[in-house]
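Heads up, the sequence shown is in our numbering, so the first residue is 39 and it goes up one at a time.
Think of the CB as a built atom: it goes at the ideal place given N, C-alpha and C, for glycine as much as any other residue.
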Amino acid sequence: MEAYPAHYVEHQLPLVVLSGLGEREDVSPKMSELPRQESGSRITTASAVCDDSRAGHLLDQLFLLDGTNRHWNSTSLPGPPGQLMYKMKAIGRTYTLPPRKAAPLPQSPNIETFSNPQSNQHRSVELHSPLSPLSPGSPIYPDGIFTPLWFAKHQQQVPAVFIAFFRISAEDGASQNEQIQIDINAIRSSLSRSGFKTKFAAVLLSDKSILHAPELEDKISSIRRATMLDSKTGLFFMPPMSSQAEIATFAQSMFTTLQPLVLEYYRDLTKHCRRKKARGNTSTFMSSPSDGGQHTLSTPGWNARYEIKQGVFAEFRQEMDVAERHYSAAIEELFGSEGVFETTVSWSPKWDHARILCDTLAIRVIRCQLWLGINAGAAIFWLKYKYRMRDLIDRRGKGSQNYGWDAWESRWAEIMAQLIQHAALPSLQPISEHRTEDFSELSLVHLYAPPDKSVSTSERLLPFNLLHHPGYWLRLAFQWARDRHRKALTIPEEDRIPPGQSPASTVAHRVKNYDTYLVPEPHEESPLAESYRVDHVSLLETLVNKACHEFLSRGQVRFSEKLRFDLAQQVAFAGQQDRAIDILLPLWEAASWRNDSWKLPFYTLLTLLHDCAVHMGNGEIAIVTAWELLGTGSTNLPMINMEMSDYLTRSGLMFDKLVIAIENKERIGPIGVQFAFSNKDTNVSEPLECFLILTSCAGKDTAPITISQVQLSFSNSRNIIISHTSVEAEGSEEGTISHLSGTLGINQDALNANLRLHPRETRVYSFTLTFRDADVVRMQRASLLIDNERYRLKHTFSDEEMLRSTAIYMDCHGVMERKLLQHRESTAVTIFPKPPKMDIILHGLRKEYYVNEQIQIDVEFCNKEAEASIPTAMVFVSSQPEQTLVVRWCSTDGTDTVLHLNSLQNDASYKAVLEISAARFASNLTVDIQVNYTLESDAETPLSKTCSFEVTVLDPFLTKFDVGPLVHDEPWPSYFNIDITNSHEAIEGIPQKWSLRCQLTSSACDPMILHSMRLVTENVENEPILKFFDPPHIEGESLAPGKTMQNSFDFLTQKSSLDDRRPLAVNLLLQVTWSRNFEDREITTNVQIPRITLPSLEPRVLCTTKESNCQTGEVLLQYYLENPSMHFLTFALTMEASEAFAFSGPKYRTLSLAPLSRLQVDYHILLHDSEETKPDRNGRSVIWPVLQVVDSYYHKQLKVNPAGPGLLAGDKLGLGILIQN
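Quick look at the structure:
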């Protein structure tokens, strides 16, 4: 927008003049364009300027409300939503307003004036604005439409609000107060005389608040009465404020109050303009005797003028929809059938002035649409206006086929980019610079703004009707600027001569054919002499730099590269090859076209750079670009059918011998290099076949390429050099295999081969390598060296993807056959150590071991090496879950876990016993036996052999335990008979007998021999007497896998005192002694019995049985009622009748038990012959007598416990009696 007058295109902001806070210089160059005001109203006050720090802070906060440098959108407004932006102007105590009316023309008296005084009154004319077409002194007099000075008048000179700041203090006298009143009235009087309706407000700055100085309130009231200012909108009081936030709040609040006055000011101007337009005829304008028959402004011109004014005033109010409507109406007036364009010839200056005005109106329309968010509408308006203007130029102007129209197209596209940048649309913002590398953020970037709501969702817009980001428009500007440059270079020589040196006919022809709207004349656009000319290259470069910045900030790298390449082409076309090289070098260094194999654009880039380098004599760039051109495979090359050195000589490049080094990631070349190991692994000292494949991708008609050397570098710091020698026959496109004789040993690194490759030829070189150290060896890089008298070129390939070959090649009867590799990493080989030949044999390793069983394994070491060895055996054991185990070698030569063997001859063996201590619980053991040895002939090379195996340790038994009471035969102590002879150490507790029933199930996989089983005390609480009876005899019994054995263990408990009423808790162990067979060592396994809690205070009922008459089947039931407590208890006994038996004894009985007593109740049972008592196959019958024993006090029924053999405990039926028939 720099080509247009600045006042035409600037954004309109209400002007606010700040008087009394000190001057602040306006650095804007727009002020220099304004004429001096000599006849306007002058505002002068005598009060001192407020220059303290608080006034400076207030001025800073007021300038924060200045919207001059803010974006052109509603979201960038300072302060709360809906607040206007302003143009702040700080002055001292003097200000001059422009004149509102032009001065009248001087008139000389004549005879008619004296003879007829009334005729002089009829000749008086109406005065108009100095910038009106009706004023002879106006720059647009008599038929101009508009001037930029009118915009400057309302933006830079006539304020909407004039704010005066005065200092007021409680200590000042009445004179200071009167001076403030005089100054305020003087300002108001000057504003009134000026004819402008500028609003006025005064701000009183005080050093104290009214709370601390109440007399200030009287002074303020006196000023308000004397000046007739409104206390709400005309007079503001600012007390002392301690923080910037308070000052900012005061400034925001003041302008919130003044904003309605600002809007009213511009609405009054709009109403005045609308009234003048509604008159329908122009006023009588002032004429001078010399104006003759000049034409006045036409009606469409007046309409356009008024529409522009209304649009500007609406923009001051920031009513962008209204402003856009008035600007569009003004454009229609200019393009109308009676408008300026249709009624003015194209060579008239008025035509160009109208074009400038129309263009700036179009800029304002687009700016308003972007402000309102009409994105697609702005793009469509831009396009339609361009077509409309081109149609006008083709019809009425000098046509669009010249450099002037291309310049307008470029300028119009650049203006669109600038408008979008000023608008700062959120949807078109680029990603920040520190996140440009993060490609995940690119999904958040929009390349064009989404269509606005006015566009129907079903309406499909064309791509160029969408509002793209600024880079798109700058790219269009560059394309039209490039066309302008090309057309400028085609201007005929007779038109490039200055007018003073050309005939008049040529000048007339030039004026007729060339459109010079905002562009230089043809002799300045492209002069013959090296005088002033338009620097088209700099213009193009500026546009490209701006566009590339926009594209790169949105991740569009290819657009950026394409634009820079087009710029380089244009620069080279202009003959500036050195400048073109500077542009092309960054593209060439990091071109994505090379990496993505875009051959055609990359070939064009290489060709242009190569031609520029040859033209400038840059040998290094010429050689490298020629090398890359050969790699493109094109046949249209400058070095066809000749060696590279010959081509350089014929091209006239003269330089000393160059040394050039390039990398595969940076450059391409005509020779492809691949490498492959034949196997993915090998052993130390074993030969390994390797393959080197060289492929020429040069064009068919190019000369053969001779490689001086091929250098192969490996990760183990080894380098192989293959030098060129012409000892073999020439190859063919089908391929040639060269078997390089000999195996490269440790110190041999040089080979010879034919390294001359014809176009499209593939050569395979095979050789063998041996390695000494165990490691992973990789091919790190392969370098091609071309050395001749002109240059030394080294092309290095280090990219594994490029070096890796997926196949190797075999020679089958003179035909090269391709064999695919089974491994992907063909450039890497794993070198394993020399394989050990020491065997470790395990003897007697069982499938399972058991808890508390010591583990012994026979280990045999066999030397399979060709010579004697000196081995050392170590063992490592780990347990899961973890436990501590003792491991040792049972040998005279072994100590702990290390076994030293002096010397083991060839095919000799040594046996040792490995012993592992018994595991305390079930676990999985991992045993590692490692043998480290050296050969007697090579003591420096260590060898190692490891044998790992798993040992499973299981629990040998699965157990179930059940505890029940038994009847102890000894009598209980009598509560009524106290033995006073007992000593204090005598045991007074009640003895109780118990039975522990055990089910022992074998979980082993083999039969085992049981030798003994017994109970052992692990822990007993409360220190009772615990006595075990003889355990069952099981010596020599065999327990098969999965079988179960049942045994009972009786034990007696007795507390030391009758006063001890605590329950008895017993922790017992079951010790089982067993062996795998009778010859093996006996093993004792401790089986943990769950904690047993025995009650001691609760009464209980025990039952035993005894067969009294075998012939009749009579059974004697003995019930024992025990009361171990210290209370008298009463029980109710009830024997229920049954159809299965008859009983002899009390059916119902009540018993009272003294403390510490036991009673016996007997019942004789006789079986009936019924279905319930029918014996089973073993001749046994079961009856279920029910004896109810109820505590008469607590009404609690006691359970009857079996306390002897022949009794069964049922869950639901109670106690069962087993009777053998």
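Expected contact under 8 Å - CB spacing of residue i and residue j to nearest Å
i: Gly1252; j: Val1224; result: 5 Å
i: Leu1038; j: Met1083; result: 5 Å
i: Asp1118; j: Pro1079; result: About 17 Å; that fails the 8 Å criterion.
i: Gly105; j: Leu51; result: 5 Å
i: Thr1142; j: Ala1241; result: 5 Å
i: Val711; j: Phe835; result: 5 Å
i: Trp409; j: Asn107; result: Not quite, the Cβ-Cβ distance comes to about 16 Å (not below 8 Å), so this is no contact.
i: Phe234; j: Cys88; result: Between Cys88 and Phe234 the Cβ distance is about 25 Å, and since that is not below 8 Å, they are no contact.
Helix, strand or coil at residue i [DSSP, three-state]
i: Gly105; result: coil
i: Ile869; result: strand
i: Trp409; result: helix
i: Ile706; result: coil
i: Arg853; result: Residue identity check: residue 853 is Val in the sequence provided, not Arg. It is a strand residue.
i: Arg428; result: helix
i: Pro1003; result: strand
i: Leu1048; result: strand
i: Ser39; result: For clarity, residue 39 is Met in the given sequence; the question names Ser instead. In the structure shown, Met39 sits in coil (DSSP, three-state: anything other than H, G, I, E or B).
i: Cys88; result: coil
i: Leu97; result: helix
i: Cys396; result: helix
i: Cys586; result: helix
i: Lys1243; result: Residue 1243 is actually Pro in this sequence, not Lys. It is coil, neither helix nor strand.
i: Gln747; result: strand
i: Pro508; result: helix
i: Phe502; result: helix
i: Arg571; result: coil
i: Asn633; result: helix
Own chain, CB closer than 8 Å to residue i, minus 5 neighbours either side, in chain order
i: Tyr887; result: Ile893, Ala957, Val989, Thr990, Val991 and Leu992
i: Ala1192; result: Tyr1013, Phe1014, Asn1161 and Phe1166
i: Met1046; result: Pro994, Ser1040, Ser1076, Leu1077, Trp1112, Ser1113 and Arg1114
i: Thr185; result: Leu169, Ser176, Pro177 and Ile178
i: Val722; result: Phe809, Arg810, Asp811, Ala812, Ile869, Phe870, Pro871 and Lys872
i: Gly330; result: Interpretation of Gly330 is limited by its pLDDT of 44, a score under 50 that renders its predicted location unreliable; the figure taken from the coordinates is listed afterwards. Result list for Gly330: empty, nothing under 8 Å.
i: Arg428; result: Ser438 and Trp443
Neighbourhood of residue i by C-beta distance below 7 Å, restricted to the same chain and skipping five residues each side
i: Leu577; result: Ala519
i: Ile621; result: Arg602, Leu605, Ala606 and Val609
i: His881; result: Asp896 and Glu898
i: Ser162; result: Note on Ser162: pLDDT 48, under 50, position unreliable in the model; the coordinate value appears next. So no residue of the chain qualifies.
i: Thr554; result: Gly442
i: Cys850; result: none
6 Å CB neighbourhood of residue i in its chain, flanking five on each side removed
i: Lys237; result: Val199, Leu299 and Tyr303
i: Tyr552; result: Asn440 and Pro560
i: Gly415; result: Gln407
i: Thr687; result: none
Proximity test, residue i beta-carbon vs the ligand ATP heavy atom, cut-off 7 Å
i: Ile908; result: In terms of ligand content, the structure shown is empty, and the ligand ATP therefore cannot be addressed.
Count the CB pairs spanning the segment 665-677 and the segment 693-711 that are closer than 8 Å, and state whether there are at least three.
-> By the criterion of at least three beta-carbon pairs nearer than 8 Å, the segment 665-677 is in contact with the segment 693-711.
Touch test, the segment 271-290 against the segment 238-258, Cβ-Cβ under 8 Å, three pairs minimum = The segment 271-290 is in contact with the segment 238-258.
Report yes or no: do three or more beta-carbon pairs, one from the segment 742-752 and one from the segment 877-887, lie closer than 8 Å?
-> Under the 8 Å Cβ criterion, the segment 742-752 does not count as touching the segment 877-887, having fewer than three qualifying pairs.
Within the segment 183-254, ranges of the beta strand (DSSP E) (whole runs, at least 3 residues) = Qualifying beta strand (DSSP E) stretches, in chain order: 199-206 and 237-244.
So does the segment 501-511 actually touch the segment 581-600, counting three or more Cβ pairs closer than 8 Å?
-> Yes, they touch.
Is the segment 837-848 touching the segment 905-917, taking contact as three or more C-beta pairs under 8 Å?
-> With the cut-off at 8 Å, the segment 837-848 and the segment 905-917 do not touch.
Can you find at least 3 beta carbon pairs, one from the segment 338-347 and one from the segment 384-391, that sit closer than 8 Å?
-> The segment 338-347 vs the segment 384-391: no contact.
Give a yes or no on contact between the segment 816-831 and the segment 674-687, applying the rule of three or more CB pairs nearer than 8 Å.
-> Touching, per the Cβ criterion.
Which ranges does the beta strand (DSSP E) cover as unbroken runs of at least 3 residues, wholly within the segment 1079-1144, from first to last along the chain?
-> For the segment 1079-1144, whole beta strand (DSSP E) runs of length 3 or above, ordered along the chain, are 1082-1092, 1102-1113, 1121-1126 and 1130-1132.
Contained alpha helix (DSSP H) runs [length at least 4] in the segment 328-394, N- to C-terminal order = The segment 328-394 contains these whole alpha helix (DSSP H) runs: 337-354, 358-373 and 378-381.
Can at least three beta-carbon pairs, one atom from the segment 53-64 and one from the segment 124-140, be found at a separation below 8 Å?
-> Flag = yes, the segment 53-64 and the segment 124-140 touch.
Between the segment 901-909 and the segment 964-971, do at least 3 Cβ pairs fall closer than 8 Å?
-> Under the 8 Å Cβ criterion, the segment 901-909 counts as touching the segment 964-971, having at least three qualifying pairs.
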